[in-house]
Amino acid sequence: MEDELKELCKRMRLAYVYDYVIDNHDKEALYPLILESLKYEQHERERAKAHRLIHKAGFRTHKRLGQYEWHDAIGFPGSLTKEELISLDFIHHRENLIFVGSPGTGKTTLATALGIEACMAGKDVQFYRVLDLVDKLQKASQRGTLARTRKSILKSDCLILDELGYLPIDKEGSELLFHLISDFYEERSLIVTTNLEFSSWNKVFQDSRLTSALVDRLIHHAHIFSFSGKSYRFTNALSQHKN
1 MEDELKELCK RMRLAYVYDY VIDNHDKEAL YPLILESLKY EQHERERAKA HRLIHKAGFR
61 THKRLGQYEW HDAIGFPGSL TKEELISLDF IHHRENLIFV GSPGTGKTTL ATALGIEACM
121 AGKDVQFYRV LDLVDKLQKA SQRGTLARTR KSILKSDCLI LDELGYLPID KEGSELLFHL
181 ISDFYEERSL IVTTNLEFSS WNKVFQDSRL TSALVDRLIH HAHIFSFSGK SYRFTNALSQ
241 HKN
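The opening position of the sequence shown corresponds to residue 1 in full-length UniProt numbering, with each subsequent residue numbered one higher.
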């Protein structure tokens, strides 16, 4: 118990609490009371931090992993199991996740749930629809604040890029996004959701060399998931209509 209290005080930067307990003549009675109090304080600090990170991340929904409806139409890569995905080891290893499939098949919901789980573990996560991020980078470039904007994004442990491929991106936007993704390469994790196979990404970026370089950086150290089947939103809407 003494070692546990010492380690907890060190982790919470409470330099003198441990010394106070050790020097107290009634330390045997104080140990359990102080230890439990500090454990509660640590838990509440972590909970408050997680809530701040979730709020800051910019998620559009807040469904947790425990609420996610896993289905057989999710094709897992041979490099990663469901348990390993949930453990968030890919963030620790600075690996990427790429979710490929038709709209409504659960890509964004799973990406968000993993992002929230990462926030609960104390990780800094940022969520953007790709076009919103490109717009943010372009506006920052026009205002002369691009370096500051990029720095704030690069602080994150995991960046979620949602809906890549729904609309084309102009040359300036493509280059800004490419440079940001290049800075994440082997330094931080990315989760990308897209409705397009890689061979069709040149329709989005409109530059074959840039597209090739971008895909190369994304798929290196990446786990690629395929989402098939019918749109969950469409199926659910039909079910409600029938009822």
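Cβ coordinates follow ideal geometry from the N, Cα and C atoms, glycine included.
No experiment lies behind these values; they were computed from the predicted model shown.
- Message: Please report the distance separating the alpha-carbon of ILE191 from that of CYS158.
- Response: Taking the first residue of the sequence shown as position 1, residue 191 is located at position 191. Taking the first residue of the sequence shown as position 1, residue 158 is located at position 158. Distance between the alpha carbons of ILE191 and CYS158 is about 7 Å.
- Item | Through-space distance from GLY115 to GLU41, alpha-carbon basis | Taking the first residue of the sequence shown as position 1, residue 41 is located at position 41. Taking the first residue of the sequence shown as position 1, residue 115 is located at position 115. Using only the alpha carbons, I get a separation of about 25 Å.
- Query: When the Cα atoms are used, what is the spatial distance from GLN126 to SER152?
  - Reply: Locating residue 126 in the sequence shown gives position 126, counting from the first residue. Locating residue 152 in the sequence shown gives position 152, counting from the first residue. Rounded to the nearest angstrom, the two C-alpha atoms are 10 Å apart.
- Hey, LYS49 and GLY122 are a contact pair by Cβ (cut 8 Å); roughly how many whole angstroms apart? Mapped onto the sequence shown, residue 49 falls at position 49. Mapped onto the sequence shown, residue 122 falls at position 122. That belief holds up - the Cβ atoms of LYS49 and GLY122 are roughly 6 Å apart, short of 8 Å.
- Expressed to the nearest angstrom, what Euclidean distance is found between the alpha-carbon atoms of ILE224 and ILE98? The residue given as residue 224 occupies position 224 in the sequence shown. The residue given as residue 98 occupies position 98 in the sequence shown. Straight-line Cα distance between these residues: approximately 5 Å.
- Should ASN96 go down as buried or exposed, given a rule of 16 or more other Cβ atoms within 10 Å for buried? Stepping through the sequence shown from its first residue, residue 96 is reached at position 96. The residue is buried, with at least 16 neighbouring Cβ atoms inside 10 Å.
- Query: Going by DSSP, which residues form a beta bridge with THR193?
  - Reply: Stepping through the sequence shown from its first residue, residue 193 is reached at position 193. Paired residue(s): PHE99.
- GLY75 - DSSP class collapsed to helix/strand/coil: Here residue 75 refers to the residue found at position 75 of the sequence shown. Of the three classes helix, strand and coil, the one that applies to GLY75 here is strand, per DSSP.
- Query: Where DSSP assigns a beta bridge to GLN126, which residues make up the other side?
  - Reply: Against the sequence shown, residue 126 aligns to sequence position 126. The partner list for GLN126 (beta bridge, DSSP) reads LEU159.
- Message: Extract the residue ranges of the alpha helix (DSSP H) inside the region 11-48, only unbroken runs of 4 or more that lie entirely within it.
- Response: 17-23
- Query: Taking C-beta to C-beta, are ARG150 and ALA140 nearer than 9 Å?
  - Reply: Indexing the sequence shown from 1 puts residue 150 at position 150. Indexing the sequence shown from 1 puts residue 140 at position 140. Yes; because the gap between Cβ atoms is below 9 Å, this pair is in contact.
- Message: Helix, strand or coil for GLN240? Go by DSSP, reduced to three states.
- Response: The residue labelled residue 240 in the question sits at position 240 within the sequence shown. Annotation note: pLDDT 49 at GLN240 (below 50); position unreliable, no value reported.
- Task: Less than 8 Å between the CB atoms is what I'm expecting for ASP183 and LEU154, so what's the real figure, rounded?
- Result: Stepping through the sequence shown from its first residue, residue 183 is reached at position 183. Stepping through the sequence shown from its first residue, residue 154 is reached at position 154. Contact flag correct, Cβ pair sits at about 6 Å.
- Message: Could you pull the DSSP bridge partners for SER226 from this structure?
- Response: The residue given as residue 226 occupies position 226 in the sequence shown. Its beta-bridge partners are GLY75, VAL100.
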